[in-house]
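Colleague: My questions all concern the structure below.
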Amino acid sequence: MINITSDSPPSEAVMLSGSVLSYAELVVHPISLMTSFFSVALIINTSVLHSNLKCILLGQCAGIVMYEIARIVYVVIKFMAGNVFFQGPIAIQMIGLFGYTLRNLTLIFLQVYNLRKYRSSRTGINLSLNDKYQISENIRTARQLAPTFVLHFLNACVNNGMSFLIFFGVIQHSYSISLGFIISSLFNGFSGSLVDLIVIIKKLSIGCCAFSNFKEDPEDKYALKTKLLHRSDNVIS
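This is the structure in C-alpha cells:
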C-alpha cells in the first residue's frame, strides 16, 4: 500500500516549513539532551529510590539521550548536505529508533514495577520501617511521574499515526513524508524534554522536603525517616 512519489519538486511552502522546522530541531533537541543529563545526575544522587527503580528511570533517560544525540547528528548532516529533506545514514536512523524504543519499553517496566511494589505493600506481611518507607516513596514517585505516561502515549500516537498515513498512501510525496518525520521528531524531542523536566521537578521537590525536615532534627535520621513515612501512609493504606 505504500506509494512514494518524488517526481515533482517540493512547493515553496513545503521547503519553508522544512527549513523552519529543521532549525527548530537544532534548538529543541539540544535542550532535551541537556535536561536528560541533568535528570540522570539527579537520579544517580538521590537516596530515596530503590536501585531497581533507579535503573528503570536511568534507562528512560538513556533512551532519550540516544535519540536526541542521533537526531542532532542527523540534522547537522542535513544542513551540511544543503538539503533539509536529506534522509541521512541508515545507521544514525537506527540508533535514534533504538533510543525511542528503549524509552517506550521503560514505560512498561515502570508500570510493572509500580504494580508489584504496590501489591506487595498490601499483602499484610510485616515490613520493616525501612521497607515501608522505600515502598511508599517508590509508589509516590511513580504516581508523581504519571504525566510521563501521558507523554509516552502521545508519542506513540504521533509516530504510529505518521506511519499509518504513509502506509495507506495518505502521504505519498517523499518531501511530504520527510516533513512529517521532522514534525514527529520535534514532538519526540519536546515531549522528551518535558519527561525529564517532570523527573527533575519531582526529585527537587522530594530533596527540598527531606532537607527541610533534616534541618529540624539533623541528629535523628530515624525520626526524619519516620516523619516522611507517616506523610506517605495514605499512599500504601
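Residues in the sequence shown are numbered consecutively from 7, following our numbering.
By construction, the Cβ of each residue, glycine as well, lies at the ideal position given by its N, Cα and C atoms.
1. Label A152 either buried or exposed according to how many other C-beta atoms from any shown protein chain fall within 10 Å of its C-beta, with 16 as the threshold for buried.
2. Given a threshold of 16 other Cβ atoms within 10 Å of its Cβ, counted over all protein chains shown, does I114 qualify as buried or as exposed?
3. Can you tell me the Cα-Cα spacing of F187 and S180, whole angstroms?
4. Taking only the alpha-carbon atoms, compute the straight-line gap between S45 and T107 and give it to the nearest angstrom.
5. Let me know the secondary structure DSSP gives E225 once reduced to three states.
6. Measuring CB to CB, does V164 end up less than 8 Å from F193?
7. First and last residue of the alpha helix (DSSP H) that includes T41?
8. Rounded to whole angstroms, what's the CA-CA distance from M86 to I204? Just pull it up for me.
9. Helix, strand or coil for Q93? Go by DSSP, reduced to three states.
10. To the nearest angstrom, report how far apart V176 and F170 are at their CA atoms.
11. With L160 as the anchor, note down where its alpha helix (DSSP H) starts and where it stops.
12. Less than 8 Å between the C-beta atoms of I37 and S190, yes or no?
13. Under 8 Å: do the stretch 18 to 34 and the stretch 57 to 65 share three or more Cβ pairs, one atom per stretch?
14. Can you check whether the C-beta of Q66 is within less than 8 Å of a C-beta belonging to chain C?
15. When we look at the beta-carbon of S184 and count the other beta-carbons within 10 Å, is it buried (16 or more) or exposed?
16. Report the rounded CA-to-CA distance for E18 versus V81, giving the unit in angstroms.
17. Where does G195 fall in DSSP's three states?
18. Could you pull out every residue in the same chain whose Cβ sits closer than 6 Å to the Cβ of M168, ignoring the five residues on either side in sequence?
19. If N110 and H158 are in contact, beta carbons under 8 Å, what's the gap, nearest whole angstrom?
20. For I98 and A76, which I take to be in contact (beta-carbon distance under 8 Å), what is that distance rounded to the nearest angstrom?
21. Which of the three DSSP states, helix, strand or coil, is assigned to G88?
22. Distance, Cα to Cα, V20 vs F43?
23. Around the C-beta of G69, are 16 or more other C-beta atoms found within 10 angstroms, so that it is buried, or is it exposed?
Modeller: Straight from the coordinates:
1. Exposed, because fewer than 16 other Cβ atoms sit within 10 Å of the Cβ of A152.
2. exposed
3. Distance between the alpha carbons of F187 and S180 is about 11 Å.
4. 19 Å
5. Bear in mind that the predicted position of E225 carries a pLDDT of just 46, short of 50, making it unreliable; the figure below should be weighed with that in mind. DSSP places E225 in coil when its eight states are reduced to three.
6. yes
7. E18 to N51
8. 34 Å
9. coil
10. 8 Å
11. A152 to F173
12. Against a cut-off of 8 Å, the Cβ pair of S190 and I37 comes out as no contact.
13. no
14. Of the protein chains in the structure, only one exists, and it is not chain C.
15. buried
16. 20 Å
17. helix
18. Within the same chain, and ignoring the five residues on either side of M168 in sequence, the residues whose Cβ sits closer than 6 Å to its Cβ are G186 and S190.
19. With 8 Å as the limit, N110 and H158 qualify as a contact, their Cβ atoms being about 6 Å apart.
20. 5 Å
21. In the structure shown, G88 sits in coil (DSSP, three-state: anything other than H, G, I, E or B).
22. Approximately 34 Å, taken between the alpha carbons.
23. buried
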